[in-house]
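Engineer: Here it is, the structure in full.
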Amino acid sequence: MSNLVNVYALRCVLSCPWQKPVKGKRAKGLSLATRFFNPIATFSAGFYIFMQQGTIFEQPCLHHKLKYLIFSIYTNRIVNKNKLIAALLAFGLLTACSNEKQNEVAVAHATESAPATINYGVVNTYPHDITAFTEGFLFRNGQLYESTGSPSDLPQTRSLVGVVDLSTGELEEKVELDRNKYFGEGIVFLNDKLYQLTYVSKKGFVYDANTFEKLEEFTFPSKEGWGMTTDSTYLIMSDGTNQLTYLDPSTFEAVRTVSVKDHKGAVRNLNELEYINGYIYANIYTTSDIVKIDPETGKVVGRLDLSSLEHDALSKNPNALELNGIAYNPENKNVYVTGKLWPNIYEIKFNY
Numbered sequence: 071m072s073n074l075v076n077v078y079a080l081r082c083v084l085s086c087p088w089q090k091p092v093k094g095k096r097a098k099g100l101s102l103a104t105r106f107f108n109p110i111a112t113f114s115a116g117f118y119i120f121m122q123q124g125t126i127f128e129q130p131c132l133h134h135k136l137k138y139l140i141f142s143i144y145t146n147r148i149v150n151k152n153k154l155i156a157a158l159l160a161f162g163l164l165t166a167c168s169n170e171k172q173n174e175v176a177v178a179h180a181t182e183s184a185p186a187t188i189n190y191g192v193v194n195t196y197p198h199d200i201t202a203f204t205e206g207f208l209f210r211n212g213q214l215y216e217s218t219g220s221p222s223d224l225p226q227t228r229s230l231v232g233v234v235d236l237s238t239g240e241l242e243e244k245v246e247l248d249r250n251k252y253f254g255e256g257i258v259f260l261n262d263k264l265y266q267l268t269y270v271s272k273k274g275f276v277y278d279a280n281t282f283e284k285l286e287e288f289t290f291p292s293k294e295g296w297g298m299t300t301d302s303t304y305l306i307m308s309d310g311t312n313q314l315t316y317l318d319p320s321t322f323e324a325v326r327t328v329s330v331k332d333h334k335g336a337v338r339n340l341n342e343l344e345y346i347n348g349y350i351y352a353n354i355y356t357t358s359d360i361v362k363i364d365p366e367t368g369k370v371v372g373r374l375d376l377s378s379l380e381h382d383a384l385s386k387n388p389n390a391l392e393l394n395g396i397a398y399n400p401e402n403k404n405v406y407v408t409g410k411l412w413p414n415i416y417e418i419k420f421n422y
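Counting from 1, position 345 in the sequence shown corresponds to residue 415 in the numbering used here; the numbering is continuous, with no gaps.
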């Protein structure tokens, strides 16, 4: 009977999860152990369950040695007092190592500071078409270009690319996609060509930058197309995840991907993009934030909170949606921002 109970205890202990601690199990089962097991078996059961509460199993080699030690106790390979004391000492040593590792991890996280807050000022305000579902926003040769999408539940919207008249907010159309086939997304100019993404069709279009004649179509590796910018060499696109993909502008093959993260982890929902002075600025979909990204590391090094502009837009048009649109004007060094169905474009100034 005694051997049978010990075998059952061994099965219980060795069948416990080995990789992750099981919360709330420290006390559970100990009353049964003290009632039926011999003192050494009872100690080993309690000892093992207690160990599961720590992080010792993050160290696989130590974990397997401990597993063997418990097995030895249960199979009566270790029954004398001296060896049991040695086991206790080993426990203390392992716990110290585990605590040291925890402290190292805590220090590492503490050194990862939050992105710097970037303060800004509003320089000017311009009208914006409240039927424009903004997806792309940029300056070229002193003119502000905008691309728009066309959600099926907003029949007034169209998938366009055009030049914004800052005095009226009207869009001078240059390109229009069939809204029954395509949902227009981000745009960028590079090497006298205009590149345009679409949302879920995995298709992009290339136009002559001066005549807007369509030159070719292309596919891209991401599941979806969102925002686009360039570092003057590659096309850089977002897809709604935390990934930025660099595309060769001739072959459209991915040459590099960058994972964007801050002190809390992955930064997802990257949307409209703008490359300014060696950094990538990105709208975060469903928020009023713009993040400043180091393209070499993917680390978010700065953040702008434009919630006051969003509130202003909503006060003027209750149907206004998310902030989306970042356009850097190299002539006056200011940045123009807007959003989907916003009534205004805001010219802002900040240290970038």
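For each residue, glycine too, the CB sits at the ideal point set by N, CA and C.
None of these values were measured; they are calculated from a predicted model.
When you compare only the Cα positions, how much space is there between P291 and A186?
Structural biologist: Numbered from 1 along the sequence shown, position 221 holds the residue referred to as residue 291. Numbered from 1 along the sequence shown, position 116 holds the residue referred to as residue 186. Roughly 33 Å between the two C-alpha positions.
Engineer: For D278 and I257, I'd like the C-alpha separation in whole angstroms.
Structural biologist: Reading the sequence shown from its first residue, position 208 is the one you call residue 278. Reading the sequence shown from its first residue, position 187 is the one you call residue 257. Between D278 and I257, the C-alpha separation is close to 13 Å.
Engineer: Taking 8 Å as the cut-off, does the region 205-216 touch the region 401-412 (at least 3 CB pairs, one atom from each stretch)?
Structural biologist: Judged by Cβ distances under 8 Å, the region 401-412 makes contact with the region 205-216, as three or more pairs qualify.
Engineer: For A390, name the three-state secondary structure that DSSP assigns.
Structural biologist: The count along the sequence shown starts at 1 and reaches residue 390 at position 320. Residue state, collapsed to three classes: coil.
Engineer: Grab me the residues of S85's own chain with a C-beta within less than 8 Å of its C-beta, minus the 5 sequence neighbours each way, in chain order.
Structural biologist: In the sequence shown, counting from the first residue as 1, residue 85 sits at position 15. Any reading at S85 needs caution, since the residue's pLDDT is 41, under 50, leaving its predicted position unreliable; the model's value is listed next. So no residue of the chain qualifies.
Engineer: Residues in its own chain within less than 6 Å of F420 by CB, not counting five upstream and five downstream?
Structural biologist: The residue labelled residue 420 in the question sits at position 350 within the sequence shown. These residues qualify, in order along the chain: I188 and Y190.
Engineer: So, with DSSP's three-state summary, where would you put A186?
Structural biologist: Position 116 of the sequence shown holds residue 186. Three-state result, A186: strand.
Engineer: Whose C-alpha, out of L241, N211, L343 and N250, is nearest the C-alpha of P225?
Structural biologist: Stepping through the sequence shown from its first residue, residue 225 is reached at position 155. Closest option to P225, Cα to Cα, is N250.
Engineer: Count the other CB atoms, across all protein chains shown, that sit within 10 Å of the CB of K284; report buried if there are 16 or more and exposed otherwise.
Structural biologist: As a first step, residue 284 is located in the sequence shown; it is residue number 214 there, counting from the start. Result: exposed.
Engineer: Can you have a look at V149 and say buried or exposed, based on whether 16 or more other CB atoms are within 10 angstroms of its CB?
Structural biologist: In the sequence shown, counting from the first residue as 1, residue 149 sits at position 79. Reliability fails at V149, whose pLDDT of 46 lies under 50, so the model's placement of it is uncertain and the value that follows must be treated cautiously. By the 10 Å Cβ count, V149 comes out exposed.
Engineer: Quick check on the DSSP output: the beta strand (DSSP E) that includes Y422 runs from which residue to which?
Structural biologist: For the purposes of this step, residue 422 is identified with residue 352 of the sequence shown, where counting begins at 1. Run containing Y422: none; DSSP gives neither H nor E here.
Engineer: Mind reading off the beta-carbon distance from N394 to L411? Whole number of angstroms is fine, and I expect it under 8 Å.
Structural biologist: Mapped onto the sequence shown, residue 394 falls at position 324. Mapped onto the sequence shown, residue 411 falls at position 341. Between L411 and N394 the Cβ distance is about 10 Å, and since that is not below 8 Å, they are no contact.
Engineer: Would G219 and Y269 qualify as a contact pair, given that the criterion is a beta-carbon distance under 8 Å?
Structural biologist: By one-based count along the sequence shown, residue 219 stands at place 149. By one-based count along the sequence shown, residue 269 stands at place 199. Yes.
Engineer: Just how far apart, CA to CA, sit D332 and T311?
Structural biologist: Along the sequence shown, one-based indexing puts residue 332 at 262. Along the sequence shown, one-based indexing puts residue 311 at 241. Straight-line Cα distance between these residues: approximately 14 Å.
Engineer: Helix, strand or coil for L305, going by three-state DSSP, please let me know.
Structural biologist: Counting from one through the sequence shown, the residue named residue 305 turns up at place 235. Reduced to three states, the DSSP call for L305 is strand.
Engineer: Look at the alpha carbon of E344 and the alpha carbon of E243, and state the distance between them as a whole number of angstroms.
Structural biologist: Your numbering for residue 344 matches position 274 in the sequence shown. Your numbering for residue 243 matches position 173 in the sequence shown. Looking at the two C-alpha atoms, the distance is approximately 22 Å.
Engineer: Going straight from the alpha carbon of I346 to that of Y398, what length do you get?
Structural biologist: Position 276 of the sequence shown holds residue 346. Position 328 of the sequence shown holds residue 398. So the two alpha carbons sit approximately 7 Å from each other.
Engineer: Using alpha carbons as the reference points, say which of E216, R228, H381 and T281 lies closest to T201.
Structural biologist: Counting from 1 along the sequence shown, the entry for residue 201 is found at position 131. Of E216, R228, H381 and T281, the residue nearest in Cα terms is R228.
Engineer: Alpha carbon to alpha carbon, how far is R338 from F275? Give it in angstroms, no decimals.
Structural biologist: The residue you call residue 275 lines up with position 205 of the sequence shown. The residue you call residue 338 lines up with position 268 of the sequence shown. So the two alpha carbons sit approximately 25 Å from each other.
Engineer: Mind checking E193: buried by the 16 CB within 10 Å criterion, or exposed?
Structural biologist: Here residue 193 refers to the residue found at position 123 of the sequence shown. The identity of residue 193 in the sequence shown is Val, whereas the question assumes Glu. Burial call: exposed.
Engineer: Roughly how many whole angstroms lie between the Cα atoms of D235 and E380?
Structural biologist: In the sequence shown, the residue the question calls residue 235 occupies position 165. In the sequence shown, the residue the question calls residue 380 occupies position 310. Each residue's alpha carbon lies about 21 Å from the other.
Engineer: Grab me the residues of P400's own chain with a C-beta within less than 8 Å of its C-beta, minus the 5 sequence neighbours each way, in chain order.
Structural biologist: Numbered from its first residue, the sequence shown carries residue 400 at position 330. Taken in chain order, the residues that qualify are F209.
Engineer: Could you give the distance in angstroms between the alpha-carbon of K263 and the alpha-carbon of V371?
Structural biologist: For the purposes of this step, residue 263 is identified with residue 193 of the sequence shown, where counting begins at 1. For the purposes of this step, residue 371 is identified with residue 301 of the sequence shown, where counting begins at 1. Approximately 31 Å, taken between the alpha carbons.
Engineer: Report the rounded CA-to-CA distance for D223 versus F253, giving the unit in angstroms.
Structural biologist: Taking the first residue of the sequence shown as 1, we reach residue 223 at position 153. Taking the first residue of the sequence shown as 1, we reach residue 253 at position 183. Approximately 12 Å between the Cα atoms of the pair.
Engineer: Considering F259, what are the terminal residues of the beta strand (DSSP E) in which it resides?
Structural biologist: Counted from its first residue, the sequence shown places residue 259 at position 189. G254 to L260 is the extent of the beta strand (DSSP E) around F259.
Engineer: Just how far apart, CA to CA, sit Q266 and A352?
Structural biologist: Locating residue 266 in the sequence shown gives position 196, where the first residue counts as 1. Locating residue 352 in the sequence shown gives position 282, where the first residue counts as 1. Spanning the two alpha carbons is a distance of roughly 17 Å.
Engineer: Tell me which residues share the same chain as E417 and place their Cβ nearer than 6 Å to its Cβ, disregarding the 5 neighbours each side in the sequence.
Structural biologist: As a working note, residue 417 is residue 347 in the sequence shown. Once the five neighbours on either side are set aside, the close Cβ partners of E417 are V193, N194, N404 and Y406.
Engineer: Measuring alpha carbon to alpha carbon, tell me which of N402, T299, E323 and Y422 ends up nearest G212.
Structural biologist: In the sequence shown, counting from the first residue as 1, residue 212 sits at position 142. Nearest option by C-alpha distance: N402.
Engineer: Does the distance from the CB of V233 to the CB of V245 come in under 8 Å?
Structural biologist: If you number the sequence shown from 1, residue 233 lands on position 163. If you number the sequence shown from 1, residue 245 lands on position 175. No, these two residues do not count as a Cβ contact at 8 Å.
Engineer: What first and last residue would you give for the beta strand (DSSP E) that runs through E242?
Structural biologist: For this step, residue 242 is matched to residue 172 along the sequence shown. Unbroken beta strand (DSSP E) run through E242: L241 to L247.
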